[in-house]
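Residue numbers (mature numbering (1 follows the signal peptide of the UniProt record, and there is no 0)): -24 to -1, 1 to 100. Cβ coordinates follow ideal geometry from the N, Cα and C atoms, glycine included.
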């Protein structure tokens, strides 16, 4: 009888530990599972005012994680993009780097790595 109680106690502790570890990827406030963000999560056309003449389409992020700089017709493959965090990514390009810092799914800043100002972009 005592041996059975010990087995049941061990089994209960194991089940409790597993249930706690399985919930580690849920939002503690809502219980909803949170997906890991990737650069492809921000897919779409992003607009910005690069020349001071109003917003225009600047960058298209593709669902495969690559992106294209519009106007210059420059394609950057996903293999050139490094994840810094869920909201920050750095792309290696021919003459340096481009860093994207996303503040939301529709707002970001881009640093073209040339000592210039950050460019604010918006997904539309």
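Check residue 19 in the structure and name its three-state DSSP category.
coil
Which of helix, strand or coil does DSSP assign to residue 61?
strand
Which residues in the same chain as residue 42 place their Cβ atom closer than 7 Å to its Cβ, once the five residues preceding and following it in sequence are excluded?
51, 52, 53, 54
Beta strand (DSSP E) containing residue 72: first to last residue?
72 to 78
Let me know if residue 34 comes out buried or exposed under the rule of 16 or more other beta-carbons within 10 Å of its beta-carbon.
buried
Would you list the one or two residues that DSSP bridges to residue 51?
44
Mind checking which residues open and close the beta strand (DSSP E) that includes residue 95?
95 to 99
Inspect the beta-carbon positions of residue 88 and residue 59 and report whether they are closer than 9 Å.
no
Assuming residue 87 is part of the beta strand (DSSP E), what are its boundary residues?
83 to 87
Name the residue from 49, 45, 98 whose alpha carbon lies nearest to the alpha carbon of residue 84.
98
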